[in-house]
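Some notes on the structure that comes next.
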DNA sequence: AAAGTCATGTAAAGCGTTACATGATTAT
DNA sequence: ATAATCATGTAACGCTTTACATGACTTT
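Residue numbers (the numbering used here), protein chains in the order written: chain B, 436 to 627; chain H, 436 to 627.
Okay, here's the thing in structure tokens:
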């Protein structure tokens, strides 16, 4: 599939940048739907250069801090465009260890279950707050009214990440409520 | 992380089964949060047998159809239990090619954007219907009222998969509406 | 008879993470 | 001076997919 290839082409198409810049974008803005470590980015940049999809110039010249600024080529732009135009079938659903553990919930006591769900809930709520904070910053600093602008892309994917967390939190709360109720009934039943 | 290891241990802990059975569970019930191809399952079963976490007996004996029925060992049960008790930090968010393409939305015309979103929406709606159908079957055929039962695990993860699809669909609909509105305004603006 | 499912495996390649490795620049 | 950040790369390992491979049983 080579998705990393197209992710890099797309970012360099937006704006010429270094491998280090790419790394920051992957691990900040894009982290909610795509990411890569620098150890994957640098070899991919080399590969894309070999394939003549991108080129680079070293700046500042002669000096010691060798910084490679990558730009997209016409060939690269075309391949990126073909990729984004192509309509894909649904991907397999993402793997989720917490859900896997939830599937095996019968192996735990109600107290342990509640522990697990509360721990996950706290983490998810913290994440949601961060995302909502990012959204506030985006709305305050950028104009997202034009659909044909990079800012609109930033906006809609951030919106989807927020929805995703809210949905997860809703599920966790419902599970906690059900298990709590069951626990209470169970306790009541033991009373004569 | 060896999550496949624990997924297999968990399933064999529920009930002794063959590699083929595991494959079917992974690609049917568990497919919404964990899965594996048979080419990954068989080597893992071999590894788990070497580690003495599972054992197998061949049935029917002497006959040609060699069928290995795997059972969990006490050691396997312990390792599984340790795994499920352990509280994990949030995993990195799952990768999503459609969201990645959405991030690069500026590269497409409004008509193409709507095309993409509608195509995705149709697929997600079909998937949601399948999940809701599965839920109906589950509720009709099993008693999910006992938390300490495998059926309850089936139920809560199916519920989360349904929520996930609904949330995705909601997002797609909002995007479609925004882009449609924008398109209309754009068209209106071009009228004198 | 043919097609589909049951049943089990291996090999090669691709993707991704962790660890190893180096050195310059900037902020405290 | 020291720590943090900028900047670039490689090596080893682990996980996952695709393709190769075989054969029995069951349904049409």
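Where a beta carbon is used, it is the ideal one built from N, C-alpha and C, also for glycine.
CB contact check: residue i to chain B, cutoff 7 Å
i, result
"residue 488(H)", "no"
"residue 528(H)", "yes"
"residue 513(H)", "no"
"residue 585(H)", "yes"
"residue 557(H)", "no"
"residue 542(H)", "yes"
"residue 460(H)", "no"
Residue(s) in a DSSP beta bridge with residue i
i, result
"residue 492(H)", "504(H)"
"residue 452(B)", "505(B)"
Buried versus exposed call for residue i [16 or more other C-beta atoms within 10 Å across all chains shown]
i, result
"residue 589(H)", "buried"
"residue 448(B)", "buried"
"residue 546(H)", "exposed"
"residue 466(B)", "exposed"
"residue 509(B)", "exposed"
"residue 443(H)", "buried"
"residue 446(H)", "buried"
"residue 594(H)", "buried"
"residue 553(H)", "exposed"
"residue 458(H)", "buried"
"residue 521(H)", "exposed"
"residue 571(B)", "exposed"
"residue 555(H)", "buried"
"residue 620(B)", "exposed"
Cβ-Cβ separation, residue j to residue i (assumed contact under 8 Å), whole Å
i, j, result
"residue 479(H)", "residue 440(H)", "6 Å"
"residue 563(H)", "residue 612(H)", "Between residue 612(H) and residue 563(H) the Cβ distance is about 19 Å, and since that is not below 8 Å, they are no contact."
"residue 488(H)", "residue 511(H)", "3 Å"
"residue 536(B)", "residue 469(H)", "At roughly 10 Å, the Cβ-Cβ gap does not stay under 8 Å, so residue 536(B) and residue 469(H) are not in contact."
"residue 586(H)", "residue 578(H)", "6 Å"
"residue 452(H)", "residue 493(H)", "Not a contact, Cβ separation roughly 14 Å."
"residue 616(B)", "residue 549(B)", "Wrong, their Cβ atoms sit about 11 Å apart, outside the cutoff."
Residue i versus residue j - alpha carbon distance
i, j, result
"residue 481(B)", "residue 491(B)", "10 Å"
"residue 557(B)", "residue 603(B)", "12 Å"
"residue 597(B)", "residue 539(H)", "19 Å"
"residue 605(B)", "residue 472(H)", "32 Å"
"residue 485(H)", "residue 582(H)", "34 Å"
"residue 477(B)", "residue 454(B)", "6 Å"
"residue 462(H)", "residue 533(B)", "18 Å"
"residue 526(H)", "residue 500(H)", "41 Å"
"residue 528(H)", "residue 559(B)", "11 Å"
"residue 523(H)", "residue 498(B)", "46 Å"
"residue 592(B)", "residue 541(H)", "13 Å"
"residue 618(H)", "residue 514(H)", "57 Å"
"residue 610(H)", "residue 551(H)", "11 Å"
"residue 483(H)", "residue 561(B)", "37 Å"
"residue 436(B)", "residue 518(B)", "10 Å"
Closer than 7 Å to chain H by CB, residue i
i, result
"residue 576(B)", "no"
"residue 568(B)", "no"
"residue 629(B)", "It is not possible to answer for residue 629(B), since the shown part of chain B is limited to 436 through 627."
"residue 608(B)", "no"
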